[in-house]
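Undergrad: Under my numbering, the residues of the sequence shown are numbered 310 to 517, in order.
Sharing a structure below in structure tokens format, with a few things to ask.
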Amino acid sequence: MMRVAVLVSGGGSNLQAILDAKARGELPQTELCLVLSSAHGAYALERAEKAGVPSEVCSPKDYADRSAYTDAILEILQKHRIEAVVLAGFMFMLSPQFAEKYENRALNVHPALIPSFCGPGYYGLKVHEYALAAGVKVSGATVHFVTAETDAGPIIAQKAVEILEDDTPEVLQRRIMEQCEWILLPRALALLSEGKITVENGRVHIDN
Numbered sequence: 310m311m312r313v314a315v316l317v318s319g320g321g322s323n324l325q326a327i328l329d330a331k332a333r334g335e336l337p338q339t340e341l342c343l344v345l346s347s348a349h350g351a352y353a354l355e356r357a358e359k360a361g362v363p364s365e366v367c368s369p370k371d372y373a374d375r376s377a378y379t380d381a382i383l384e385i386l387q388k389h390r391i392e393a394v395v396l397a398g399f400m401f402m403l404s405p406q407f408a409e410k411y412e413n414r415a416l417n418v419h420p421a422l423i424p425s426f427c428g429p430g431y432y433g434l435k436v437h438e439y440a441l442a443a444g445v446k447v448s449g450a451t452v453h454f455v456t457a458e459t460d461a462g463p464i465i466a467q468k469a470v471e472i473l474e475d476d477t478p479e480v481l482q483r484r485i486m487e488q489c490e491w492i493l494l495p496r497a498l499a500l501l502s503e504g505k506i507t508v509e510n511g512r513v514h515i516d517n
């Protein structure tokens, strides 16, 4: 069993997708050991409590800079003996030491088809606003490994959806969550926990 922590900042819908997948028996080698929130009062903490998963809060406001905050996060993860991490709507960019510590063991889900609409400044609803403004016909989600560079890690999986003429950023965001993120993220976590993912020369190989 792989000891996993999920890092969150808000509502935790992607956390819920993981919890539901675990409840359905789709994550047999995943032990959800910790939900770590960057914000007090995040609804994701209630989701964790209902599922019986331990949780902690570590706010960046309590630390002098990004490096100190990252050190605090790593200390908590070490305390819980965490082997892999999922960034599920975690709205804070950690320092490179996090990516180094959890190289090829930290997953992130991004609400676009990387390399489109990604990198610094592309997060949350802004991603969908940019996609609609660009007039693209499809968007989607990407699950990738975390590296020191934002949204630049090896890609594990992607899934696309069609953009409709009357889409708003909110409607597109919801469709991508339901049809892409909530499907891709638990699947990627299952593959990681089962040791079916390897990375060679920056590219992901999956053993089915």
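Heads up, the beta-carbon is just placed ideally off N, CA and C, and yes, glycines get one too.
I believe Gly449 touches Val470 by the beta-carbon criterion, under 8 Å. Please report the beta-carbon distance rounded to the nearest angstrom.
TA: Gly449 to Val470, Cβ: 5 Å. Contact.
Undergrad: Cβ of Ala397 within 8 Å of Cβ of Val315?
TA: In this structure, Val315 lies closer than 8 Å to Ala397 by Cβ.
Undergrad: Pro463 and Gly430: beta carbons closer than 8 Å?
TA: Cβ atoms of Pro463 and Gly430: not closer than 8 Å.
Undergrad: Determine, using beta carbons only, whether Leu434 and Gln482 come nearer to each other than 8 Å.
TA: Cβ atoms of Leu434 and Gln482: closer than 8 Å.
Undergrad: Would you call the region 400–411 and the region 327–334 touching, i.e. three or more CB-CB distances under 8 Å?
TA: No: fewer than three Cβ pairs fall under 8 Å.
Undergrad: Answer yes or no: do Met311 and Glu340 have a C-beta to C-beta separation smaller than 8 Å?
TA: Against a cut-off of 8 Å, the Cβ pair of Glu340 and Met311 comes out as a contact.
Undergrad: In whole angstroms, what separates the C-alpha of Lys388 from that of Val394?
TA: So the alpha carbons of these two residues sit roughly 14 Å apart.
Undergrad: Give me the Cβ distance between His349 and Val366, rounded to the nearest whole Å; I'm assuming they're in contact under 8 Å.
TA: Between Val366 and His349 the Cβ distance is about 5 Å, and since that is below 8 Å, they are a contact.
Undergrad: Report all residues from its chain with a CB closer than 6 Å to the CB of Arg375; omit the five preceding and five following residues, and keep chain order.
TA: Answer for Arg375: Ser404, listed in chain order.
Undergrad: Tell me His437's beta-bridge partners as DSSP assigns them.
TA: Bridge partners of His437: none, in fact.
Undergrad: Contact check, Ala466 vs Val452 under 8 Å by CB: the rounded distance?
TA: Going by Cβ atoms, the distance from Ala466 to Val452 rounds to 5 Å, so yes, they are a contact pair.
Undergrad: Counting only the same chain and skipping the five closest in sequence on each side, list residues whose C-beta sits under 6 Å from that of Gln356.
TA: The question names Gln, but residue 356 in the sequence shown is Arg. Excluding residues within five positions, the ones whose Cβ falls inside 6 Å are Gly321, Leu324 and Gln325.
Undergrad: How far does the alpha helix (DSSP H) with Phe454 in it extend, from its first residue to its last?
TA: Looking at the DSSP string, Phe454 is not in any alpha helix (DSSP H); the run it does join, the beta strand (DSSP E), is Val447 to Phe454.
Undergrad: Just to confirm before moving on: does the CB-CB distance between Ile520 and Pro420 stay below 8 Å?
TA: This structure leaves residue 520 out entirely; the chain is present only between 310 and 517.
Undergrad: Might you give, ordered along the chain, the residues of its own chain that have their beta carbon closer than 8 Å to the beta carbon of Leu383, omitting 5 neighbours on each side?
TA: Cβ within range, chain order: Gln406, Phe407 and Lys410.
Undergrad: Just to confirm my understanding: we take Ala381, look at its own chain, exclude 5 residues before and 5 after, and list those with CB closer than 7 Å. What are they?
TA: The answer, listed in chain order, is Cys367 and Tyr372.
Undergrad: Pick out whichever of Ser364, Gly504, Ala499 and Ile423 has its Cα sitting closest to the Cα of Val317.
TA: Comparing Cα positions, the closest option is Ser364.
Undergrad: Please report the straight-line C-alpha distance between Val344 and Glu503, rounded to a whole angstrom.
TA: Cα-Cα distance, rounded: 21 Å.
Undergrad: Taking C-alpha atoms, which residue in Pro424, Val313 and Glu392 lies nearest to Cys342?
TA: Nearest of Pro424, Val313 and Glu392 to Cys342, Cα basis: Val313.
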